[in-house]
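Below: the structure, in structure tokens.
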Amino acid sequence: MTAFSTVYTLHLLAALVWVGGMFFAWMVLRPAVIAALEGPSRLKVWVQVFPRFFAWVWAAVVLLPITGIGMIHLNFTGFETAPRYVQIMMGLYVVMVALFLRIQSLQLPELRRAVEAEQWAEGAAALGNIRRLVGINLMIGLAVVILAAARPGL
Numbered sequence: 001m002t003a004f005s006t007v008y009t010l011h012l013l014a015a016l017v018w019v020g021g022m023f024f025a026w027m028v029l030r031p032a033v034i035a036a037l038e039g040p041s042r043l044k045v046w047v048q049v050f051p052r053f054f055a056w057v058w059a060a061v062v063l064l065p066i067t068g069i070g071m072i073h074l075n076f077t078g079f080e081t082a083p084r085y086v087q088i089m090m091g092l093y094v095v096m097v098a099l100f101l102r103i104q105s106l107q108l109p110e111l112r113r114a115v116e117a118e119q120w121a122e123g124a125a126a127l128g129n130i131r132r133l134v135g136i137n138l139m140i141g142l143a144v145v146i147l148a149a150a151r152p153g154l
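All residue numbers for the sequence shown refer to full-length UniProt numbering, where the first residue is 1 and numbers rise by one.
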């Protein structure tokens, strides 16, 4: 296995965990939780799910730029010679991290406080905000995957 293939594999796995996890949560887990549980129980499930998933997202947040920069240095002479699509992917990564940090730092604590206080309406509102931001991040993540797969201009 070459240095590039090792770095590339780690990069793909990190992206797969983050984007695939959001896809699973949005398209599979969310509808199942809605079908199976009442409001307060739904909120309690999400308070348990998010921290577990976010630990993996943090791993991706750390690995993606390390492996991305590694691939740039193995394939090109630097950022300025990387193809435009790679530069766009780097910009979209920054946006995705900003949205994730907003969820992790602001929305999740709000959801947790509401559930602990049994303020279900406030918890539902916080979960709605998280759902919206995860949906946006999922769309951006899928766009990055499409961009990476298409490799325009190569």
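Glycine included, C-beta positions come from ideal geometry on N, C-alpha and C.
Would residue i and residue j qualify as a contact pair, given that the criterion is a beta-carbon distance under 7 Å?
i, j, result
"Ala14", "Ala60", "yes"
"Leu74", "Leu99", "no"
"Met90", "Val7", "no"
"Pro83", "Gly153", "yes"
State the start and end residues of the unbroken alpha helix (DSSP H) segment that holds residue i.
i, result
"Pro40", "39 to 75"
"Met90", "84 to 102"
"Met1", "Met1 -> no alpha helix (DSSP H), and no H or E assigned at all."
Roughly how many angstroms lie between the CA atoms of residue i and residue j, to the nearest whole one?
i, j, result
"Gly21", "Phe53", "7 Å"
"Leu16", "Ala35", "27 Å"
"Val92", "Gly141", "Just to set this straight, residue 92 is Leu in the shown sequence, not Val. Rounded to whole angstroms, Leu92 to Gly141 spans 8 Å at the Cα level."
"Arg42", "Ala55", "21 Å"
Using three-state DSSP, classify residue i as helix, strand or coil.
i, result
"Glu110", "helix"
"Gln119", "coil"
"Arg30", "helix"
"Arg132", "helix"
"Gly20", "helix"
"Gly78", "coil"
With a 10 Å radius around its C-beta and 16 neighbouring C-beta atoms as the bar for buried, classify residue i as buried or exposed.
i, result
"Gln107", "buried"
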